[in-house]
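Asker: In our numbering, the protein residues as written are 1350 to 1576. Using N, Cα and C, we set each Cβ at its ideal position, and we do this for glycine too. Since the model is a prediction, treat every value here as computed from it, not as a measurement.
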């Protein structure tokens, strides 16, 4: 599997997601700076990591969505390449139009940083096929603008088409319908606010009492895309 991680000014989880991918696949992904005009050839997966791209000025992810590399990300996604956006990456995917909805400030107007309980909404995707539908998992969150919002018609389409990937069991930010992650209609693009990459290292989880529930997500991606 050939993967690339796009790095923006203010990204801070590119190393974490690169480590998670390397543990799952045995291959180090390519880090690509946001001002590049092209992505590596024959990519299987593109990841937009968490952080605070461009200092979260304007709306979170709005400036990053206009970076030169995002034209290539959109082109690859529309051709069927798998794209994963985590936290700030989710915001960027929404701002670029690859995912429906937007991410607003948390309902409590406070930064939330803790482990959260989630339910897997569907196992029918390349990202979630290692899980069971309805399975309980725990991923950490770290965001101020994770409140997923869409108008009523969009929410109905997302629900009717099975585009919800994960839901919060105890909603930390006010997201509509407890949505923690969504797919595009083709399910080759996934955005989620929690950080599965920070729930993949058994050594860290054991020392801190955290989770390794993200392993299934990255192992599943490798299973689906490895060639």
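Label residue 1406 either buried or exposed according to how many other C-beta atoms from any shown protein chain fall within 10 Å of its C-beta, with 16 as the threshold for buried.
Answerer: Within the chain shown, numbered from 1, the residue matching residue 1406 stands at position 57. That one is exposed.
Asker: Taking DSSP as the reference, what is the three-state secondary structure of residue 1459?
Answerer: Mapped onto the chain shown, residue 1459 falls at position 110. Three-state result, residue 1459: coil.
Asker: Among 1539, 1497 and 1389, which one has its Cα closest to the Cα of residue 1514?
Answerer: Locating residue 1514 in the chain shown gives position 165, where the first residue counts as 1. Ranking the options by Cα distance to residue 1514, first place goes to 1539.
Asker: From residue 1561 to residue 1430, what distance separates their C-alpha atoms?
Answerer: As a first step, residue 1561 must be located in the chain shown, where it is residue number 212. As a first step, residue 1430 must be located in the chain shown, where it is residue number 81. If I take the Cα positions, the gap works out to 26 angstroms.
Asker: Which two residues bound the contiguous alpha helix (DSSP H) that contains residue 1485?
Answerer: Position 136 of the chain shown holds residue 1485. First-last for residue 1485: 1485-1492, but that is the beta strand (DSSP E), not the alpha helix (DSSP H).
Asker: Tell me the rounded alpha-carbon separation between residue 1481 and residue 1384.
Answerer: In the chain shown, the residue the question calls residue 1481 occupies position 132. In the chain shown, the residue the question calls residue 1384 occupies position 35. If you take the alpha carbons of residue 1481 and residue 1384, they lie about 39 angstroms apart.
Asker: DSSP state of residue 1496, grouped into three classes?
Answerer: Indexing the chain shown from 1 puts residue 1496 at position 147. It is a strand residue.
Asker: Using alpha carbons as the reference points, say which of 1570, 1368, 1352 and 1409 lies closest to residue 1358.
Answerer: Numbered from its first residue, the chain shown carries residue 1358 at position 9. Closest by alpha carbon: 1409.
Asker: Take the Cβ of residue 1404 as the centre, count every other Cβ of all protein chains shown within 10 Å, and call the residue buried at 16 or more, exposed below.
Answerer: Residue mapping note: residue 1404 aligns to position 55 of the chain shown, counting from 1. Under this definition residue 1404 is an exposed residue.
Asker: Mind checking which residues open and close the alpha helix (DSSP H) that includes residue 1379?
Answerer: Here residue 1379 corresponds to residue number 30 of the chain shown, with the count starting at 1. Element bounds for residue 1379: not the alpha helix (DSSP H) but the beta strand (DSSP E), 1379-1382.
Asker: When the distance is taken between beta carbons, is residue 1553 closer than 8 angstroms to residue 1563?
Answerer: In the chain shown, residue 1563 corresponds to position 214, counting from 1. In the chain shown, residue 1553 corresponds to position 204, counting from 1. Going by C-beta atoms, residue 1563 is not nearer than 8 angstroms to residue 1553.
Asker: Cutting at 6 angstroms between CB atoms, please list the residues of its own chain near residue 1487, excluding the five before and the five after it.
Answerer: Locating residue 1487 in the chain shown gives position 138, counting from the first residue. Hits under 6 angstroms: 1464, 1466, 1560 and 1562.
Asker: With the cut-off set at 8 angstroms, would you say residue 1468 and residue 1450 are in Cβ contact?
Answerer: Taking the first residue of the chain shown as position 1, residue 1468 is located at position 119. Taking the first residue of the chain shown as position 1, residue 1450 is located at position 101. No, the pair does not count as a contact, with Cβ atoms beyond the cut-off.
Asker: Judging by CA-CA distance, which residue of 1441, 1543 and 1456 is the nearest neighbour of residue 1489?
Answerer: As a working mapping, residue 1489 is identified with position 140 in the chain shown. Minimum Cα distance to residue 1489 is reached at 1543.
Asker: Does the beta-carbon of residue 1494 have 16 or more other beta-carbons within 10 angstroms, so that it is buried, or is it exposed?
Answerer: The residue labelled residue 1494 in the question sits at position 145 within the chain shown. Buried: at least 16 other Cβ atoms inside 10 Å.
Asker: Taking the C-alpha atoms as reference points, what is the distance between residue 1360 and residue 1511?
Answerer: Locating residue 1360 in the chain shown gives position 11, counting from the first residue. Locating residue 1511 in the chain shown gives position 162, counting from the first residue. The straight-line gap from Cα to Cα measures roughly 30 angstroms.
Asker: The beta strand (DSSP E) that contains residue 1532, what's its start and end?
Answerer: Taking the first residue of the chain shown as position 1, residue 1532 is located at position 183. Per DSSP, residue 1532 belongs to the beta strand (DSSP E) from 1528-1532.
Asker: Which of helix, strand or coil does DSSP assign to residue 1360?
Answerer: Mapped onto the chain shown, residue 1360 falls at position 11. Here residue 1360 sits in strand by DSSP.
Asker: Provide the residue span of the beta strand (DSSP E) that contains residue 1540, from first to last.
Answerer: By 1-based counting over the chain shown, the position of residue 1540 is 191. From DSSP, the beta strand (DSSP E) with residue 1540 extends over 1538-1541.
Asker: Hey, out of 1472, 1443, 1400 and 1353, whose CA is closest to residue 1437's CA?
Answerer: Translated into the one-based positions of the chain shown, residue 1437 becomes position 88. Comparing Cα-Cα distances from residue 1437 to each of 1472, 1443, 1400 and 1353, the minimum goes to 1400.
Asker: Mind reading off the beta-carbon distance from residue 1355 to residue 1381? Whole number of angstroms is fine, and I expect it under 8 angstroms.
Answerer: Within the chain shown, numbered from 1, the residue matching residue 1355 stands at position 6. Within the chain shown, numbered from 1, the residue matching residue 1381 stands at position 32. Going by Cβ atoms, the distance from residue 1355 to residue 1381 rounds to 5 angstroms, so yes, they are a contact pair.
Asker: Leaving aside the five residues before and after residue 1546 along the sequence, list all residues of the same chain whose C-beta is less than 7 angstroms from its C-beta, in chain order.
Answerer: One-based indexing of the chain shown puts residue 1546 at position 197. 1362, 1365, 1366, 1369, 1435 and 1563, listed in sequence order.
Asker: If you draw a straight line from the C-alpha of residue 1497 to the C-alpha of residue 1427, how long is it?
Answerer: Reading the chain shown from its first residue, position 148 is the one you call residue 1497. Reading the chain shown from its first residue, position 78 is the one you call residue 1427. The straight-line gap from Cα to Cα measures roughly 23 angstroms.
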